[in-house]
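>
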Amino acid sequence: MRITEDESRIIRDTVRLRFGRNARVWLFGSRTDDTRRGGDIDLLVETPEPLENAFRESIGLETDLQIALGDQKIDILLAQPDLPRTPMQRIARDTGIEL
64 MRITEDESRI IRDTVRLRFG RNARVWLFGS RTDDTRRGGD IDLLVETPEP LENAFRESIG
124 LETDLQIALG DQKIDILLAQ PDLPRTPMQR IARDTGIEL
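Residue 64 is where the sequence shown starts when you use the numbering used here, and the numbers rise one by one after that.
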């Protein structure tokens, strides 16, 4: 996994501050492969409750993470309990590493 333990903790804590302590987050994509270089931080976030405005919440989380982690490219997929999982969300969860 190509993020530090400190970055992992910051991501996990930031997600839980925004979505509650039962929110879960997975790192997926190139950052899970130690043999690769570069790449953005791809995150799947499962929220414990439905969101009124998922787009706004996603942008808010990205902003919070940019402030906490510095200028890095971060992509966020939000999975809500009231909506079916998309194929990409299923792949992210199946291949990702839970933080």
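Even glycine gets a Cβ: it sits at the ideal position worked out from N, Cα and C. The structure displayed is predicted, hence computed values, not measured ones.
Using a Cβ-Cβ cutoff of less than 8 Å, which residues in the same chain neighbour I122 once the five nearest sequence positions on both sides are dropped?
Indexing the sequence shown from 1 puts residue 122 at position 59. So no residue of the chain qualifies.
> Compute the beta-carbon to beta-carbon distance between D105 and L124, rounded to the nearest angstrom, for a pair I have assumed lies under 8 Å.
Position 42 of the sequence shown, counted from the first residue, corresponds to residue 105. Position 61 of the sequence shown, counted from the first residue, corresponds to residue 124. About 13 Å; that fails the 8 Å criterion.
> Along the chain, which unbroken stretches of the beta strand (DSSP E) at least 3 residues long are found entirely within the stretch 92-157?
104-109 and 137-142
> Does DSSP put R87 in a helix, a strand or coil?
Mapped onto the sequence shown, residue 87 falls at position 24. The answer is strand: DSSP assigns R87 an E or B state.
> Between R94 and I66, how many whole angstroms is the CB-CB distance? I'm expecting something under 8 Å.
Mapped onto the sequence shown, residue 94 falls at position 31. Mapped onto the sequence shown, residue 66 falls at position 3. Confirmed, about 6 Å.
> Do you know whose CA, among L114, G102, K136 and R100, lies nearest A86's CA?
Position 23 of the sequence shown, counting from 1, holds the residue named residue 86. Taking only the C-alpha atoms, the option nearest A86 is L114.
> Report the rounded CA-to-CA distance for I139 versus D76, giving the unit in angstroms.
Within the sequence shown, the letter at position 76 stands for residue 139. Within the sequence shown, the letter at position 13 stands for residue 76. Those two C-alpha atoms are separated by around 15 Å.
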